[in-house]
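Written out below as structure tokens is the structure these notes cover.
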Amino acid sequence: MNFSRSFSRCLFLLLALPSAMLMWPAWSYADTLKKITDSGSMTLGYRESSIPFSYLEAPGRPIGFGVEVANKVVEAIRQSSGKKEIKLVYQAVTSQNRLALVANGTVDLECGSTTNNAARAKEVSFAVNYFYAGSRLLVKKAAHIKGLADLAGKTVATTTGTTTFGQLRKVSLEKNLNLSVVPAKDHADGFLLLESGRAMAFAMDDILLAGLLLNAKNPADYEIVGEPLQVEAYACMLRKDDPAFKKLVDDTLLGMMKSGEFDKLYNKWFTMPIPPRARSLALPMSQRLRENLKSPSDQPAS
Amino acid sequence: MQWDWQVFCKSTITGELAPGCFGSGGEVTYLQWMLSAWGWTVAVALLALAIALCVGLLVGTVRTQAARPWALLAACWTELFRNIPVLVQIFLWYHVLPIFIPVLKNLPAFLLAACALGLFTSARIAEQVRAGIQALPAGQNQAATAMGLRLWQRVRLVILPQALRMVLPSLTSEAMNIVKNSSVAFAVSVTELTLFAMQAQEETARGLEIYAGVTLLYMLTALLVNRMMALIEARTRVPGLLAVT
């Protein structure tokens, strides 16, 4: 082959590939509802192991709180459009690619354990918050600890690289608790520190603590106590600047909250035995989420 | 990208800039935290080095000089401690041994980390001591025996003084390695430099500056150890003993 021809081909590929990538977002539909009714399917971004929001029961078969919410959304689209054959298509996402996949149109809706915050709101839009995770304390029941005040002068474990570490230092200084904070390598290590008695409590997001207990040897020996140090809101994520679709998702959630269906769904996934091990997270609805049912918000938790 | 070196002068509690880069009333800045983390790194490294030198010297000597069962025991020691990854050893010291020896549970984590790191390195130092001893001409030991010296005297007066001078350069490497290997102590909750970096870069969102500061301190510490060993090498040199002067 002629050298200059193959060279120009290479050059073409080199230039074409990045420009195609740059054009990618432009292909995405601004009108998600039209896309869904035209194509007859809505793509849900699911997580592989965000228990109980979105996780795999079997390969390719996601279940969870968020998946059921998405099913309600599809039901609402069927009713509003009058098309019966709209189906739900699943696409796996990770915490690294979920924002990009929603923004570029690969995924229409992502209902998992995504925190609704201001930085992300610049790129995507959030529906009404459907969960509030608070950083609280996991303790041994036998220790009779009811809150941070009982931990004055004691050791508290937390995970390195989380905001909880800073919150603990702050509250320790403000309330003069003189906590000795033991930074754990990861969440499992934090639980090990508590289990082995090197720490009196493990401070972390309550939903993560409940998830750790789900796999613990004897979950009945532990309890989650105390007021949350800080709260983060979880919400379904959808494309930005698509008010019609956002309204439909919001109305679906608001309808569930009003009718009491949301309460039932919450209880099913957070307080009753769930697959795969038929154990319960035993995480009753937080005060914050209860308030959100009365006056729903789609803003980040302050 | 913009560098923001003021991140070190921010309070670790409020995130506000502290006047004079040092906090007051229980508040500390990231600079203060980093310096205290440096202290833990140095403490773990120095203690581990002391353990490694003492045990390594003993094991290396026993392996080459003592009666057969003792030499075998020393060989087993070396293989045991150098064939298990240091991170695994540190977990064994912190999580497993205290189950069998409850007293260990009350010891601070940095002592256990130093023990784990020290014994791991002792195996490596033992091998270097053995190399030094075996590099000596057989006549040295024979002449010392002919002069009527006992085993302990031969080792102390004739063999080790020569062998150690020979392996000093590789002991320098080992001492510098200990400084860097001390970063595994983060796995057992010692708030040393690596743990500081992992946490502070998350809190401040200024990862590059934090890691740059931590890298500088590691380099500085390793360089100090290097210079210290070079000084020892120069001070203990005997003209004409080794081929290179």
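Chain order of the listed sequences is A and B. The first sequence begins at 10 in my numbering and counts up one residue at a time. The second sequence begins at 822 in my numbering and counts up one residue at a time. Every residue, glycine too, gets a C-beta built ideally from N, C-alpha and C. Computed from a predicted structure; not experimentally measured.
Secondary structure at GLN105/A, three-state DSSP: helix, strand or coil? On the first sequence, residue 105/A is found 96 positions in, with the first residue counted as 1. Coil.
Using a C-beta cutoff of 8 Å, does GLY847/B count as contacting chain A? Stepping through the second sequence from its first residue, residue 847/B is reached at position 26. Yes, its Cβ sits closer than 8 Å to a Cβ of chain A.
Alpha-carbon spacing of VAL191/A relative to VAL165/A, whole angstroms: The count along the first sequence starts at 1 and reaches residue 191/A at position 182. The count along the first sequence starts at 1 and reaches residue 165/A at position 156. Roughly 6 Å separates the two Cα atoms.
Buried or exposed for GLY1061/B, please, with buried defined as at least 16 other CB atoms from any protein chain shown within 10 angstroms of its CB. Position 240 of the second sequence, counted from the start, is the residue given in the question as residue 1061/B. Exposed is the call here.
Report the three-state DSSP secondary structure of LYS139/A (helix, strand or coil). The residue given as residue 139/A occupies position 130 in the first sequence. Going by the sequence as given, residue 139/A is Tyr instead of Lys. Note: TYR139/A maps to coil in three-state DSSP.
Determine the burial state of GLU1024/B: buried for a count of at least 16 other Cβ atoms within 10 Å of its Cβ, exposed for fewer. Here residue 1024/B refers to the residue found at position 203 when the second sequence is read from its first residue. Under a 10 Å Cβ-count criterion, GLU1024/B is classified as buried, with 16 or more other Cβ atoms of the shown protein chains found around its own Cβ.
Suppose you measure from the CA of SER295/A to the CA of TYR141/A; what does that come to, to the nearest Å? Position 286 of the first sequence, counted from the first residue, corresponds to residue 295/A. Position 132 of the first sequence, counted from the first residue, corresponds to residue 141/A. Near 7 Å, if we compare the C-alpha coordinates of TYR141/A and SER295/A.
Pull the bridge partners of PHE211/A from the DSSP assignment, please. Translated into the one-based positions of the first sequence, residue 211/A becomes position 202. Partner(s): LEU147/A and ALA166/A.
Quick check on DSSP: helix, strand or coil for LYS96/A? In the first sequence, residue 96/A corresponds to position 87, counting from 1. Strand at LYS96/A.
Please name the residues in the segment 1011–1039 of chain B whose beta-carbon is closer than 7 Å to at least one beta-carbon of chain A, in chain order. Hits within the stretch, in order: THR1012, LEU1016, MET1019, GLN1020, GLU1023 and GLU1024.
Quickly, what does DSSP pair LYS43/A with across the bridge? List them, please. In the first sequence, counting from the first residue as 1, residue 43/A sits at position 34. Its beta-bridge partners do not exist; DSSP assigns none.
Does DSSP classify LYS226/A as helix, strand or coil? Taking the first sequence and counting its residues from 1, one reaches residue 226/A at position 217. Secondary structure at LYS226/A: coil, using DSSP grouped into helix, strand and coil.
Taking only runs that begin and end inside the segment 880–945 of chain B, name each unbroken alpha helix (DSSP H) of 4 or more residues, in chain order. If we require 4 residues or more, the alpha helix (DSSP H) runs fully inside the segment 880–945 of chain B come out as 889–903, 907–912 and 918–921.
Alpha carbon to alpha carbon, how far is PRO990/B from ILE980/B? Give it in angstroms, no decimals. For this step, residue 980/B is matched to residue 159 along the second sequence. For this step, residue 990/B is matched to residue 169 along the second sequence. Near 18 Å, if we compare the C-alpha coordinates of PRO990/B and ILE980/B.
Could you confirm whether any beta carbon from chain A is found closer than 8 Å to the beta carbon of ILE834/B? In the second sequence, the residue the question calls residue 834/B occupies position 13. Output row for ILE834/B: interface = yes.
Quick one: grab the DSSP three-state call for MET281/A. For the purposes of this step, residue 281/A is taken as the residue at position 272 of the first sequence. Assignment of MET281/A by DSSP, reduced to helix, strand and coil, places it in the coil class.
Quick one: Cα of LEU202/A to Cα of ASP251/A, how far? Position 193 of the first sequence, counting from 1, holds the residue named residue 202/A. Position 242 of the first sequence, counting from 1, holds the residue named residue 251/A. If I take the Cα positions, the gap works out to 47 Å.
Could you tell me which of LEU42/A, ILE216/A and GLU57/A sits nearest to SER50/A, measuring between CA atoms? Mapped onto the first sequence, residue 50/A falls at position 41. Checking every option, the nearest Cα to that of SER50/A belongs to LEU42/A.
What does DSSP give as the partner residues of MET246/A in its beta bridges? Here residue 246/A refers to the residue found at position 237 of the first sequence. Residue pairing by DSSP puts MET246/A in a beta bridge opposite GLU119/A and PHE135/A.
Chain A residues whose Cβ lies nearer than 7 Å to that of ALA1008/B: On the second sequence, residue 1008/B is found 187 positions in, with the first residue counted as 1. Here the neighbours are LYS194.
Please report whether the beta-carbon of PHE174/A lies at a distance below 8 Å from any beta-carbon of chain B. Locating residue 174/A in the first sequence gives position 165, counting from the first residue. Judged by the 8 Å Cβ criterion, PHE174/A is in contact with chain B.
Assign ILE911/B to buried or exposed, taking buried as 16 or more other Cβ atoms, counted over all protein chains shown, within 10 Å of its Cβ. Within the second sequence, the letter at position 90 stands for residue 911/B. With 16 or more Cβ atoms within 10 Å of its Cβ, ILE911/B is classed as buried.
Does THR169/A have its Cβ less than 8 Å from a Cβ in chain B? What you label residue 169/A is simply residue 160 of the first sequence in a count that begins at 1. It does; some Cβ of chain B falls within 8 Å.
Simplified DSSP state of ILE154/A, which is helix, strand or coil: For this step, residue 154/A is matched to residue 145 along the first sequence. Coil at ILE154/A, not helix or strand.
Tell me where the alpha helix (DSSP H) around VAL180/A begins and ends. Position 171 of the first sequence holds residue 180/A. From DSSP, the alpha helix (DSSP H) with VAL180/A extends over 172–183.
Looking at chain B, is there any beta carbon in it that lies within less than 8 Å of the beta carbon of VAL165/A? Along the first sequence, one-based indexing puts residue 165/A at 156. Taking Cβ atoms only, chain B never reaches closer than 8 Å to VAL165/A, which makes this a no.
Are LEU852/B and CYS830/B close, meaning C-beta to C-beta below 8 Å? For the purposes of this step, residue 852/B is identified with residue 31 of the second sequence, where counting begins at 1. For the purposes of this step, residue 830/B is identified with residue 9 of the second sequence, where counting begins at 1. Cβ distance < 8 Å, so LEU852/B and CYS830/B count as in contact.
Give me whichever residues DSSP pairs with GLY114/A in a beta bridge. Indexing the first sequence from 1 puts residue 114/A at position 105. Bridge partners of GLY114/A: none, in fact.
Anticipated Cβ contact below 8 Å, ALA895/B with VAL1011/B, distance rounded: For the purposes of this step, residue 895/B is taken as the residue at position 74 of the second sequence. For the purposes of this step, residue 1011/B is taken as the residue at position 190 of the second sequence. The Cβ separation is near 30 Å, so there is no contact.
Could you give the distance in angstroms between the alpha-carbon of THR103/A and the alpha-carbon of THR123/A? Along the first sequence, one-based indexing puts residue 103/A at 94. Along the first sequence, one-based indexing puts residue 123/A at 114. Here the alpha carbons of THR123/A and THR103/A stand approximately 10 Å from one another.
So what does ALA67/A bridge to, in DSSP terms? Numbered from 1 along the first sequence, position 58 holds the residue referred to as residue 67/A. Answer is ARG70/A, bridged to ALA67/A.
Chain C contact for LYS184/A (CB, 8 Å cutoff): No chain C appears in the structure shown, which is made up of the protein chains A and B.
Do ARG248/A and SER63/A have their CB atoms nearer than 8 Å? Your numbering for residue 248/A matches position 239 in the first sequence. Your numbering for residue 63/A matches position 54 in the first sequence. In this structure, SER63/A does not lie closer than 8 Å to ARG248/A by Cβ.
Can you grab the Cα-Cα spacing for the pair ASP260/A / GLY860/B, in whole Å? Counted from its first residue, the first sequence places residue 260/A at position 251. Counted from its first residue, the second sequence places residue 860/B at position 39. A straight-line Cα-Cα distance of about 57 Å links ASP260/A and GLY860/B.
Contact list for ARG178/A against chain B, beta-carbon separation under 7 Å: Counting from one through the first sequence, the residue named residue 178/A turns up at place 169. In chain order: THR833 and ILE834.
Report the partner residues of ILE312/A according to the DSSP bridge assignment. No statement about residue 312/A is possible, as the shown extent of chain A runs from 10 to 311 and does not include it.
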